[in-house]
Amino acid sequence: MKWMAILLLVTPAIALAETEVEFYLCSSYVQESAVGEQTDRGWPVFIELTELGAASFEKFTETNLSKMSRIVVGGREFLRATVWAPTFGGKLRGIFSSQEVAMAWQRTLANKLPAVPCGARN
Numbered sequence: 515m516k517w518m519a520i521l522l523l524v525t526p527a528i529a530l531a532e533t534e535v536e537f538y539l540c541s542s543y544v545q546e547s548a549v550g551e552q553t554d555r556g557w558p559v560f561i562e563l564t565e566l567g568a569a570s571f572e573k574f575t576e577t578n579l580s581k582m583s584r585i586v587v588g589g590r591e592f593l594r595a596t597v598w599a600p601t602f603g604g605k606l607r608g609i610f611s612s613q614e615v616a617m618a619w620q621r622t623l624a625n626k627l628p629a630v631p632c633g634a635r636n
């Protein structure tokens, strides 16, 4: 009887659990990247997307409002956030704990990124 009660309590959570949507940055989507000055939140890395990348990311954010999303670069998570509004303009920013980590991300973004995967993955 205890097991049935636990199962009934857990089932709604499982049904409501949603997988995160992912957006992959690839060579044709990244125009420029730079490390900014340290803030009270950490070291920012700024990414400017190409026109193609900006259009794809805009569509991705419009489609995935209120969903937890991951921005992935070369198989690694660059940014994870909930999409609250469509993102226009093709500018992204990640915040990192140290200058070394931020510089490593900038080097990854500046080098040749993989051509695929590219764009939205659900």
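Residue numbers (our numbering): 515 to 636. Glycine included, C-beta positions come from ideal geometry on N, C-alpha and C. None of these values were measured; they are calculated from a predicted model.
Taking a contact to mean a Cβ-Cβ separation below 8 Å, would you say residue i touches residue j in this structure?
| i | j | result |
| --- | --- | --- |
| G604 | L563 | yes |
| S570 | K626 | no |
| V535 | N578 | yes |
| T601 | E565 | no |
| G567 | Y543 | yes |
For residue i, which residues in the same chain have their Cβ closer than 6 Å to its Cβ, ignoring the five residues on either side in sequence?
| i | result |
| --- | --- |
| T596 | M582 |
| E591 | R584 |
| L593 | I585, G608 |
| F574 | F537, A634 |
| L606 | I561 |
Considering only residues of the same chain and omitting the five flanking positions on each side of residue i, which have a CB-CB separation below 8 Å?
| i | result |
| --- | --- |
| A548 | V559, F560, Q620 |
| A624 | S547 |
Within its chain, find whatever has a CB closer than 7 Å to the CB of residue i; leave out the 5 residues flanking it on each side and keep chain order.
| i | result |
| --- | --- |
| S612 | W557 |
| V545 | Inspection of the sequence shows that residue 545 is occupied by Gln rather than by Val. Closer than 7 Å at Cβ, skipping near neighbours: E562, L563, T564. |
So for residue i, helix, strand or coil by DSSP?
| i | result |
| --- | --- |
| G633 | strand |
| G619 | With the sequence shown as reference, residue 619 is identified as Trp, and Gly is not the correct amino acid for it. If DSSP states are grouped into helix, strand and coil, W619 belongs with the helices. |
| G603 | coil |
| L566 | helix |
| E534 | coil |
Could you please give me the residues that DSSP links to residue i through a beta bridge?
| i | result |
| --- | --- |
| Y543 | Paired residue(s): none; Y543 is not in a bridge. |
| P558 | I609 |
| E553 | In the sequence on display, residue 553 carries Thr and not Glu. G556. |
| A548 | F560 |
Which residue marks the beginning of the beta strand (DSSP E) containing residue i, and which one marks its end?
| i | result |
| --- | --- |
| L579 | Premise fails: L579 is in no beta strand (DSSP E) and is neither H nor E. |
| E591 | 590-596 |
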